[in-house]
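Each residue of the sequence shown is one higher than the last, beginning at 954 in the numbering used here. Note that the Cβ used here is the ideal one computed from N, Cα and C, for glycine as well. Encoded as structure tokens, the structure appears first; notes follow it.
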Amino acid sequence: MCAEAGADVAKFQHFKAQSIVSDTGFKNLGKQSTHQAKWKKSVYEVYQGASINLEWTDELVKTCKEANVQFMTSPYSAELIDHIDPFVSAYKVGSGDINWDLLVSQMAEKGKPMLLASGASSCDDVYNAINALSSYTQDIVLMQCNTNYTASLENFKYIQLNVLKTYANMFPNLILGLSDHTPGHTTVLGAVALGARIIEKHFTDNNDHDGPDHKFAMNPKDWKEMVVRTRELEFALGNGIKKIEENEMQTAVLQRRSLHLTRDIKAGEIIKESDLEILRPSPEGALQPNDFKYAIGKKAQIDLAKGGNLKWMDLR
954 MCAEAGADVA
964 KFQHFKAQSI
974 VSDTGFKNLG
984 KQSTHQAKWK
994 KSVYEVYQGA
1004 SINLEWTDEL
1014 VKTCKEANVQ
1024 FMTSPYSAEL
1034 IDHIDPFVSA
1044 YKVGSGDINW
1054 DLLVSQMAEK
1064 GKPMLLASGA
1074 SSCDDVYNAI
1084 NALSSYTQDI
1094 VLMQCNTNYT
1104 ASLENFKYIQ
1114 LNVLKTYANM
1124 FPNLILGLSD
1134 HTPGHTTVLG
1144 AVALGARIIE
1154 KHFTDNNDHD
1164 GPDHKFAMNP
1174 KDWKEMVVRT
1184 RELEFALGNG
1194 IKKIEENEMQ
1204 TAVLQRRSLH
1214 LTRDIKAGEI
1224 IKESDLEILR
1234 PSPEGALQPN
1244 DFKYAIGKKA
1254 QIDLAKGGNL
1264 KWMDLR
């Protein structure tokens, strides 16, 4: 389904509740906040229910291959890194583990490309994590992210897409990306325009399903629309080389001005300022407006008709 919508990669999460959250720790925090405030179960119970059975891994990989999408997953413990390594060609470090150098290094030492999400982190956190990764690989994708998953429109002011420009200056050799949880396509298109080359969004077949992530996830229709709009933007961005484009060749003739004659001129006559006017069109070879002062005082080599264009070959 995600392949049909235009996804290149299907990324899952491999974790066990007991190795990622402390039931007691979250209960001691008291009331759940941010996106967790709407959860009807405890944080531990939600993670327990969302964990992937390790025995499903083979089937997930097989299904992805049949759908012609790349399988990928984020491991949230050292033992799971070893479990998934035979199945993945790259690793992703979630935002919550950006300050755990040991886990980051254990993924990176596998020698595969690394994706690093940078939600709820500072530049120092990011710099430190990149240093940890760089000891093992230079194939790194740095992803701007905001970890508030409420999908509230209020969150747009916290997305900070311009951080991508900061990252580009800090790490000019890295690939940039966006891990996003906002509704619509605004942030994705903005990120691509700022240089992001990898986009991560949650995917669901139905936004009305029960579960913590379905409400803000993209359904197949929205995902396909995102891909279409992104491809349009990529075409529109171009290669940065300013030139007269192929589809502008004719309009350059029609819209630009050139030197036109205000009267019939005989061969041997001297061109005066009053003999010229600057009008559209501008066919190939015609003298341009900036040639006006250089044409004055030249002698016509041939008879020239009123209204016609003036060319250098007509003068001496």
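Under the DSSP definition of a beta bridge, which residues are partnered with residue i?
i, result
"Cys-1098", "Ser-1132"
"Lys-1154", "Asp-1133"
"Asn-1262", "His-1213"
"Lys-1275", "Coverage of the chain is limited to positions 954 through 1269, which leaves residue 1275 absent and any answer about it impossible."
"Leu-1257", "Ile-1218"
"Leu-1106", "According to DSSP, Leu-1106 bridges with nothing at all."
Given that a residue counts as buried once 16 or more other Cβ atoms are within 10 Å of its Cβ, and exposed if not, what is residue i?
i, result
"Asp-961", "exposed"
"Asp-1158", "exposed"
"His-967", "buried"
"Glu-1187", "exposed"
"Lys-1045", "buried"
"Ser-1235", "buried"
"Thr-1204", "exposed"
"Thr-1140", "buried"
DSSP on residue i, reduced to helix/strand/coil?
i, result
"Asn-1081", "helix"
"Thr-1026", "strand"
"Ala-1144", "helix"
"Tyr-1089", "coil"
"Glu-1230", "strand"
"His-1036", "helix"
"Val-1116", "helix"
"Lys-980", "helix"
"Val-974", "coil"
"Ala-1121", "helix"
Give a yes or no on whether 8 angstroms exceeds the smallest Cβ distance from residue i to chain B.
i, result
"Ala-1031", "Included in the structure is just one protein chain, with no chain B present."
Please look up how many angstroms separate the CB atoms of residue i and residue j, rounded, as I've assumed it's under 8 angstroms.
i, j, result
"Leu-1212", "Leu-1257", "Actually they are not in contact, since the Cβ atoms of Leu-1212 and Leu-1257 sit about 11 angstroms apart, beyond 8 angstroms."
"Ile-1249", "Glu-1226", "6 angstroms"
"Leu-1129", "Tyr-1120", "6 angstroms"
"Ile-1051", "Leu-1069", "7 angstroms"
"Val-1079", "Leu-1127", "Going by Cβ atoms, the distance from Val-1079 to Leu-1127 rounds to 10 angstroms, so no, they are not a contact pair."
"Asn-1108", "Asn-1115", "Contact flag wrong, Cβ pair sits at about 16 angstroms."
"Arg-1233", "Leu-1207", "7 angstroms"
Answer yes or no: do residue i and residue j have a C-beta to C-beta separation smaller than 8 angstroms?
i, j, result
"Ser-1048", "Cys-1098", "yes"
"Glu-1178", "His-1138", "yes"
"Gly-1261", "Leu-1214", "yes"
"Ala-963", "Asn-1021", "no"
"Ser-1058", "Ala-1085", "yes"
"Leu-1117", "Gly-1148", "yes"
"Ser-995", "Lys-980", "yes"
"Ile-1152", "Ala-1146", "no"
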